[in-house]
Amino acid sequence: MQVPAHFFVLSGFLGSGKTTLLSDLLSDADDGRVAVIVNDVGQVNIDGALIAVQSGVPMATLSNGCVCCTLTNDLPYTIEALIMERERNGGAPFTKVILECSGLSEPGGVLRSLSPLAALGMRVRVITTYASDQIVGSDDFALAAAQLCAAHTIVLTRMDLASAEQVSEALTFVQEMGPMATQIVERDRRERARVSFATDNTGVPAPGRPERLLDLKGAGHPRVSVFAIQWDAKLEWTTFAAWLENLAGYLDTRLLRVKGLVLLDGCDESILIQGVGQHFDTPRRIPGHESVSSLVVISRDTILAEIEGMAPHLPGARYSMLRSPGAGGSFRLARPD
Ligand SMILES: [Zn+2]
5 MQVPAHFFVL SGFLGSGKTT LLSDLLSDAD DGRVAVIVND VGQVNIDGAL IAVQSGVPMA
65 TLSNGCVCCT LTNDLPYTIE ALIMERERNG GAPFTKVILE CSGLSEPGGV LRSLSPLAAL
125 GMRVRVITTY ASDQIVGSDD FALAAAQLCA AHTIVLTRMD LASAEQVSEA LTFVQEMGPM
185 ATQIVERDRR ERARVSFATD NTGVPAPGRP ERLLDLKGAG HPRVSVFAIQ WDAKLEWTTF
245 AAWLENLAGY LDTRLLRVKG LVLLDGCDES ILIQGVGQHF DTPRRIPGHE SVSSLVVISR
305 DTILAEIEGM APHLPGARYS MLRSPGAGGS FRLARPD
């Protein structure tokens with residue numbers, strides 16, 4: 005099967021400009037090697053369907069359910085069907101397949117549903133749109149945290165409808181909520197779409213630079229904390245895996261992201277651990293010579309004692325809160341032009 009190189013999960017609230025971003029990309033993509041999957045819940049996503057038809061892009065729809073929770077078996081099937089049809093038609097392999105999620109989707113659930121396709125080796129990236137004129141209320145907070153913290157790339161949208169102050173506030177908010185993401189603040193819509201779907205960033209930390217795992221930007225959000233756990237001695241996989249499972253089970257939907265390079269018994273290389281929500285990638289070996297294991301955990305509404313108290317005990321582990329809730333920061337917005 006001719007596997008596409010990149011799979012994009014395009015998430016974001018209803019009305020946050022997902023379809024516009026996609027449309028701007030497709031109007032510029034002249035190589036005809038992009039496919040789109042649209043997830044509409046309850047009703048047909050007219051805009052999404054229309055742009056695909058207008059741009060002649062191969063499209064599939066996932067209807068009558070949400071791709072993160074109820075349609076999880078349908079997604080791998082739909083991707084395979086798109087690829088197979090392309091092959092039958094004799095077309096060149098897709099370079100990008102883009103899933104436009106419903107506004108209610110949590111990226112962690114979508115990533116988990118992609119697990120059956122892990123062997124294909126597609127690079128998966130999460131892009132989350134955030135409307136500059138948007139205000140997230142407490143009802144939407146958990147979903148916003150899940151979508152923004154899961155993102156590799158956060159794109160500010162609707163900048164033409166927002167004041168400079170709103171744009172500044174929106175950028176501060178997404179930096180608080182998605183500290184591991186690259187933020188895109190670009191007023192030109194075509195350029196915004198191009199850089200949002202750029203494929204040159206692999207998301208894998210450079211070997212030998214564990215401190216690069218997290219480049220903290222901005223102040224802490226009152227409800228989102230970043231924890232660091234480090235240890236020098238190698239750990240047994242079974243101990244570490246049990247700890248990670250307990251952490252995921254205990255924090256449940258509060259767990260937003262886990263990322264780190266850990267050293268394990270019987271393995272000379274570091275192991276890359278990556279999790280989004282309750283979904284964890286298959287751990288991968290990363291060449292390099294780390295002398296210390298370091299893991300970053302991002303969670304909402306969590307205190308350090310909860311992380312420190314997680315069983316089983318990790319021998320020699322040092323716990324710290326890199327960014328405490330509501331901590332002041334010195335972040336200043338570079339004026340967008
Ligand atoms: Zn869902």
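Here the sequence shown is numbered in my numbering, starting from 5 and rising by one per residue.
The beta carbon of each residue, even a glycine, is placed where N, CA and C say it ideally should be.
As the structure is a computational prediction, the values presented were derived from the model and not from experiment.
Can you grab the Cα-Cα spacing for the pair residue 40 / residue 101, in whole Å?
6 Å
Enumerate in chain order the residues of its own chain whose CB-to-CB distance from residue 116 is below 6 Å, with the five nearest sequence positions on each side excluded.
Counting only Cβ-Cβ distances below 6 Å, and skipping sequence neighbours, we find 283.
As a quick exercise: from 105, 121, 191 and 171, pick the residue whose alpha carbon is nearest that of residue 151.
105
Cβ-based neighbour list, residue 301, same chain, cut-off 6 Å, excluding 5 preceding and 5 following
231 and 262
Is it buried or exposed for residue 60, if we count other Cβ within 10 angstroms and need 16 for buried?
exposed
Taking only the alpha-carbon atoms, compute the straight-line gap between residue 275 and residue 318 and give it to the nearest angstrom.
16 Å
Give me the Cα-Cα distance between residue 257 and residue 191, rounded to the nearest whole angstrom.
34 Å
Distance check for residue 296 and residue 236, CA to CA, integer angstroms please.
In this structure, the straight-line span from the alpha carbon of residue 236 to that of residue 296 is close to 5 Å.
Alpha-carbon to alpha-carbon, residue 67 and residue 214
Unreliable placement is indicated for residue 214, whose pLDDT of 41 sits below 50; the coordinate value is still reported in the next sentence. Each residue's Cα considered, the two are about 42 Å apart.
Beta-carbon within less than 6 Å of residue 13's beta-carbon, same chain only, minus the 5 sequence neighbours each way: which residues are those?
Excluding positions up to five away in sequence, the list reads 103, 111, 114 and 130.
Please return the same chain residues whose Cβ sits closer than 8 Å to the Cβ of residue 273, not counting the five positions on each side in sequence.
289, 290, 291 and 292
Cβ neighbours of residue 175 in the same chain (closer than 7 Å, five flanking residues each side left out):
160, 187, 189 and 337
Run the proximity test for residue 112: is its beta-carbon closer than 7 Å to any non-hydrogen atom belonging to ligand 1?
Incorrect: residue 112 has no Cβ contact closer than 7 Å to ligand 1.
Of the choices 185, 146 and 120, whose alpha-carbon is the least far from that of residue 156?
185
Residue 109 Cβ short of 7 Å to ligand 1 heavy atom set:
Yes, Cβ of residue 109 sits closer than 7 Å to a heavy atom of ligand 1.
Which same chain residues end up closer than 8 Å to residue 320 when comparing Cβ atoms and leaving out the 5 residues on each side of it in sequence?
235, 236 and 237
Limits of the unbroken beta strand (DSSP E) element including residue 304:
297-304
What residue range is occupied by the uninterrupted beta strand (DSSP E) comprising residue 127?
127-135
Delimiting residues of the alpha helix (DSSP H) encompassing residue 13
No alpha helix (DSSP H) holds residue 13; the beta strand (DSSP E) holding it covers 10-16.
Residues of its chain near residue 162, where Cβ-Cβ distance is below 6 Å and the 5 sequence neighbours each way are ignored:
21, 135, 136 and 137
For the candidate residues 142, 109 and 37, whose alpha-carbon lies nearest to that of residue 90?
37
As a quick exercise: from 271, 6, 15 and 31, pick the residue whose alpha carbon is nearest that of residue 85.
6
Can the beta-carbon of residue 345 be found closer than 8 Å to that of residue 225?
Coverage of the chain is limited to positions 5 through 341, which leaves residue 345 absent and any answer about it impossible.
Our contact map puts residue 65 next to residue 44 with C-beta atoms below 8 Å; I'd like the distance itself, whole angstroms only.
6 Å
Looking only at its own chain, which residues have a Cβ that is under 8 Å from the Cβ of residue 268, when we skip the five neighbours before and after it?
238, 239, 240, 241, 244 and 275
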